[in-house]
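So the number in this note's numbering is just where the residue sits in the sequence shown, counting from 1, plus 15.
All C-beta atoms, glycine included, are put in the ideal place defined by N, C-alpha and C.
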Amino acid sequence: MIRTKFTNLVPALALGTAAVLAADPALAHHPLGGAPMTTFAHGVLSGIGHPLLGFDHLFFVLLVGIAALYTGHRFTAPAAYIAAMLAGCLMMSLGVGLPAKEIVIGLSLLALGSVVLSGRSLGIVAAACVFAAFGLFHGSAFGDAMATREAGAGAQVLVGYLIGLGVLQYGIAVAAGTVALKLWKATESTAIEARLTGAVVAGIGMFLTLEHIEGFLVEALL
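Structure representation (structure tokens):
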């Protein structure tokens, strides 16, 4: 039974890993085809478009939901991620940026994946902190993309964007955990599916961290 579950799990994880390795997590995707956002509805569509039009973003949200399942906080951990992500997005949209966003995103994934790989459940406070750290800096990257592309967008656009981004991503994260639970039927953090998920998340985090540290060092030396 474990062999069958493992075999079914590998293609999906491999596909997701390839997508993330090929994409920048701060890459912007525009559901309006590049047209400027001027209304609340435009903001909602743009917020929805981030996880749906870019598989890199979608995969990150799926990781959040599945990792939350195996840290023992299936609903509260994604909520912490979403709340912090919206805060980071709002801060960046208002001109308050966070340093080394890409590096911290990678480190957060590395920490999260390592916890899942260890087979240990996290306490609610620790889980909230790890997921919130990832969300805050990921949200800042989203806000940076929006501020660059939509400079001067009104408050109603920003509100719509945050609503679309938050509601849909929370739904996707919870759904990912639910599907993983039903498909793999692994409820314990020590299950092979859980540990494999942790290994993939940690690997992606390590890759992103080293990639952006390398980029930072190259820029500093030039």
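Taking each of L236, G181, L84, T54 in turn and checking the Cα distance to G158, the smallest one comes out for G181. In the DSSP assignment, G192 falls within the unbroken alpha helix (DSSP H) covering 170-199. Distance check between L125 and each of L105, M221, L60 places M221 closest, using alpha-carbon atoms only. Shown here for T193: not one same chain residue has a beta carbon closer than 6 Å to its own, the five before and five after excluded. With 16 or more other Cβ atoms inside 10 Å of its own Cβ, G58 counts as buried. Check the Cα spacing between G150 and each of V79, P114, L225, L211: the tightest is with V79.
T54 carries a coil assignment under DSSP once its states are collapsed to helix, strand and coil. Note on geometry: alpha-carbon atoms of L223 and V216 lie some 11 Å from one another. The C-alpha of L60 is placed about 8 Å away from the C-alpha of G175. Taken through DSSP and simplified to helix, strand or coil, H227 comes out as helix.
The C-beta of L109 has fewer than 16 other C-beta atoms within 10 Å across all chains shown, which makes the residue exposed.
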